[in-house]
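Enquirer: Submitted below is the structure of interest, expressed as structure tokens.
Laid out in structure tokens, this is it:
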């Protein structure tokens, strides 16, 4: 058989395979993840906070942990140092030296929990961290409460947990464009604006 | 059949070699006819050999010790190992992997054993899946040339210095051929559920940096890449796995990728906000901008370089757009009064660096050189004055601003003095 026709037939056969695979959506490669594996890996906490684990903490507990584990980089008074400033900055966003802090800029309280739990204290060299040195969920709630308290957003004795954290209204929440998260994709579809093409 | 062919090929190759040797000998004879001494000096110079190189480095192959290209640290972020690509020296459109810019966001490069590495895909999918590196390489693959650019490339603080080089002003953009499996293939494998509209990609470094990406983009052209320029992705670029989201701001190209979650809203990771939102002059934050705007810059002649003499010089540079292929680049040598089309070097790849060239004869007079790119959607790179009008700010605003500005892509100006030295003139033009 001429090699041209043979490869054409092969191509048709292959196309058939691909079409069949598209229907069943399966190359049969990889394996199913167990619910336990997913739970262990899934550390993302979105703005509605539905992924938040059980636990709670208050600013009073958080202050102790902050002094031990955070103050060296972020300062005794959250003024910053090797790490960024964590409070203040209100009224600076329109200035020539804006300070984007939790109180002045962050739109969702759940972000504080997500960031502390995944990335703090910093581990620059990616060294293994012994389990007993990792922050517990209660400790993360306590630190979150402490930062919210020191930014004037909650009271010192207010306990923070999975139910009330997502409901906290952050001061700068309504200062973003577009305002609603639901509109981000629509907005993009219309190609209305990029920073470079409109203010 | 094969051995016969290779035998013939070898014969042809040997013949070509012989012809080459003959030609070389002939050249040598001509030279020796014009002076024995000169020919010997030339030959002696040619037979110099490289100093001892350890065998493993020899096996990989090293650049010449003469004129090795180097990245430079971003002076503002030296502690985090952020480095800029020497785009004034790189040639063509591909950035050598060693010279790809790096921004590591407070994380040293992790050392990941690919045999241990896994990618989890879960969330709003019918079948949460785990893939090994071996699994991922079994899927149908693609190799595509795309740039990756820091969202803050070309930001006002980087362009303030009149002596700034183009490596300083525009160095955080690099272009590679990325090889991997399309993310759409993996997402179909897991079965994306109705109502899903976002994904989040997460890295395996200790900081587990993450970025939300629209599902539409993930399905369109995102690549789960294990190859860069023909070899495994470099550790500082995400080895063993990097999510390449063509044309999107740097953080969407998640390094050390280990997890993708599908959801119905952005996850609001630190890199989503406050990390990569643009602060408007009125204090409002513009979040989720995604695509890098159309951009270009002249890399020769550029800041810190010097024209050796009057006469012919080829102006050259790079153009790119997060929105597609570059359609046109215009060059001005008179501070933007007149513009002429530059030649684009083909083939032109979608969402990739595109090399432009423009023949120029320098009269020895002062000249301001600019380039202006247009992409396939018709987006035109703005001038600084146009940006100022849109933003309702004056020139002093940029110079006084202490913070970086993402998506800042106005036309860059290089001034050539009568002496031939070249400097940054964006604020004068």
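Chains as they are written, first to last, in my numbering: chain R, 1 to 199; chain H, 200 to 628.
No residue lacks a Cβ here, since even glycine has one placed at the ideal position from N, Cα and C.
#1: What is the C-beta distance between residue 643 (chain H) and residue 41 (chain R), in whole angstroms, given that I count them as a contact (C-beta under 8 Å)?
#2: Less than 7 Å between CB atoms is the rule here; does residue 147 (chain R) satisfy it with respect to chain H?
#3: What residues in the stretch 100-133 of chain R have a beta carbon less than 8 Å from any beta carbon of chain H?
#4: Rounded to a whole number of angstroms, what is the C-alpha to C-alpha distance between residue 299 (chain H) and residue 284 (chain H)?
#5: Does chain H have any CB closer than 7 Å to the CB of residue 85 (chain R)?
#6: Give the C-beta separation of residue 49 (chain R) and residue 110 (chain R) to the nearest angstrom, bearing in mind that I take them to be a contact with Cβ-Cβ under 8 Å.
#7: Which of the three DSSP states is assigned to residue 31 (chain R) in this structure?
#8: Does DSSP put residue 161 (chain R) in a helix, in a strand, or in coil?
#9: Whole-angstrom Cβ separation of residue 418 (chain H) and residue 383 (chain H), contact assumed at under 8 Å?
#10: Are the beta-carbon atoms of residue 470 (chain H) and residue 410 (chain H) separated by less than 7 Å?
#11: Under 7 Å between the Cβ atoms of residue 505 (chain H) and residue 370 (chain H)?
#12: At a Cβ threshold of 7 Å, is residue 180 (chain R) touching chain H?
#13: Contact criterion: CB-CB distance below 7 Å. Does residue 569 (chain H) meet it with respect to chain R?
#14: Is residue 454 (chain H) buried or exposed, if buried means 16 or more other CB atoms sit within 10 Å of its CB?
#15: Could you check what DSSP says for residue 477 (chain H) in three-state terms: helix, strand or coil?
#16: Given this structure, state the Cα-to-Cα distance separating residue 580 (chain H) from residue 529 (chain H), to the nearest angstrom.
#17: Scan the stretch 409-488 of chain H and note each continuous beta strand (DSSP E) run of 3 residues or more that stays entirely inside, going in chain order.
#18: Identify whether residue 517 (chain H) lies in helix, strand or coil by the three-state DSSP scheme.
#19: Classify residue 112 (chain R) as helix, strand or coil using the three-state DSSP reduction.
#20: Taking the alpha carbon of residue 28 (chain R) as the point to measure from, which residue in H:546, H:388, H:262 and H:550 has its own alpha carbon closest?
#21: Contact defined as beta carbons within less than 8 Å: I believe residue 392 (chain H) pairs with residue 288 (chain H). What is the distance between those atoms, to the nearest angstrom?
#22: For a cutoff of 7 Å on Cβ pairs, would you count residue 486 (chain H) as touching chain R?
#23: Using the C-alpha atoms, what's the distance from residue 380 (chain H) back to residue 316 (chain H)?
#24: Just how far apart, CA to CA, sit residue 37 (chain R) and residue 43 (chain R)?
#25: Just how far apart, CA to CA, sit residue 294 (chain H) and residue 375 (chain H)?
#26: Between R:61, R:32 and R:46, which lies nearest to residue 136 (chain R) when the distance is taken from Cα to Cα?
#27: Go ahead and label residue 467 (chain H) buried or exposed: buried means 16 or more other beta carbons lie within 10 angstroms of its beta carbon, across all protein chains shown.
#28: Where residue 142 (chain R) and residue 67 (chain R) are concerned, what is the direct C-alpha to C-alpha distance, given to the nearest angstrom?
#29: Indicate whether the contact test is met: 3 or more Cβ pairs, each with one atom in the stretch 64-80 of chain R and one in the stretch 112-127 of chain R, closer than 8 Å.
#30: Mapping DSSP to helix, strand and coil, what is residue 590 (chain H)?
#31: Label residue 485 (chain H) either buried or exposed according to how many other C-beta atoms from any shown protein chain fall within 10 Å of its C-beta, with 16 as the threshold for buried.
#32: For chain H, check one thing: does any of its Cβ atoms lie closer than 7 Å to the Cβ of residue 140 (chain R)?
#33: From the DSSP output, in three-state form, read off residue 263 (chain H) for me.
#34: Here's the rule I'm using: 16 or more other beta-carbon atoms within 10 Å means buried, otherwise exposed. How should residue 134 (chain R) be labelled?
#35: If you measure between the beta carbons of residue 33 (chain R) and residue 323 (chain H), is that distance less than 7 Å?
#36: Does the beta carbon of residue 599 (chain H) sit closer than 7 Å to a beta carbon anywhere in chain R?
Expert: By the coordinates alone:
#1: Here chain H comprises residues numbered 200 to 628, so residue 643 (chain H) is not present and cannot be evaluated.
#2: Proximity of residue 147 (chain R) to chain H, defined by a Cβ-Cβ separation below 7 Å, is not satisfied.
#3: Answer set for the stretch 100-133 of chain R: 100, 105, 106, 107, 108, 110, 111, 114, 115, 118, 119, 122, 123, 124, 125, 126, 127 and 129.
#4: When rounded, the distance between both Cα atoms is 6 Å.
#5: No - not a single Cβ of chain H is within 7 Å of the one on residue 85 (chain R).
#6: Contact flag correct, Cβ pair sits at about 5 Å.
#7: DSSP places residue 31 (chain R) in strand when its eight states are reduced to three.
#8: Here residue 161 (chain R) sits in strand by DSSP.
#9: 5 Å between Cβ atoms; contact.
#10: Cβ distance < 7 Å, so residue 470 (chain H) and residue 410 (chain H) count as in contact.
#11: In this structure, residue 505 (chain H) lies away from residue 370 (chain H), with their beta-carbon atoms at least 7 Å apart.
#12: Contact with chain H is absent for residue 180 (chain R), since none of that chain's Cβ atoms lies less than 7 Å from the residue's Cβ.
#13: Taking a beta-carbon distance threshold of 7 Å, residue 569 (chain H) does not count as an interface residue toward chain R.
#14: Counting of Cβ neighbours within 10 angstroms places residue 454 (chain H) among the buried residues, the total reaching 16 or more.
#15: DSSP places residue 477 (chain H) in the strand class (E or B) of the three-state scheme.
#16: The alpha-carbon atoms of residue 580 (chain H) and residue 529 (chain H) are separated by roughly 10 Å.
#17: List check, beta strand (DSSP E) in window: 409-413, 422-427, 441-443 and 456-462.
#18: Note: residue 517 (chain H) maps to strand in three-state DSSP.
#19: In this structure, residue 112 (chain R) counts as helix in the three-state DSSP scheme.
#20: Taking residue 28 (chain R) as reference, the option from H:546, H:388, H:262 and H:550 with the minimal CA-CA separation is H:388.
#21: In this structure residue 392 (chain H) does not touch residue 288 (chain H) by the C-beta definition: roughly 49 Å separates them, more than the 8 Å allowed.
#22: So, interface residue.
#23: If I take the Cα positions, the gap works out to 16 Å.
#24: Each residue's alpha carbon lies about 12 Å from the other.
#25: C-alpha separation (whole angstroms): 6 Å.
#26: Checked all of R:61, R:32 and R:46; the closest Cα to residue 136 (chain R) is R:61.
#27: Buried, since its Cβ has 16 or more Cβ neighbours within 10 Å.
#28: About 12 Å.
#29: Taking a cut-off of 8 Å on C-beta distances, the stretch 64-80 of chain R touches the stretch 112-127 of chain R, as three or more cross pairs fall below it.
#30: For residue 590 (chain H), the secondary structure class from DSSP, reduced to helix, strand or coil, is helix.
#31: Taking every protein chain shown into account, the CB of residue 485 (chain H) has 16 or more other CB atoms within 10 angstroms, so this residue is buried.
#32: Interface criterion not met: the Cβ of residue 140 (chain R) is under 7 Å from no Cβ in chain H.
#33: In the structure shown, residue 263 (chain H) sits in coil (DSSP, three-state: anything other than H, G, I, E or B).
#34: Label assigned to residue 134 (chain R): exposed.
#35: Going by C-beta atoms, residue 33 (chain R) is not nearer than 7 Å to residue 323 (chain H).
#36: Under the Cβ criterion of 7 Å, residue 599 (chain H) is counted among the residues facing chain R.
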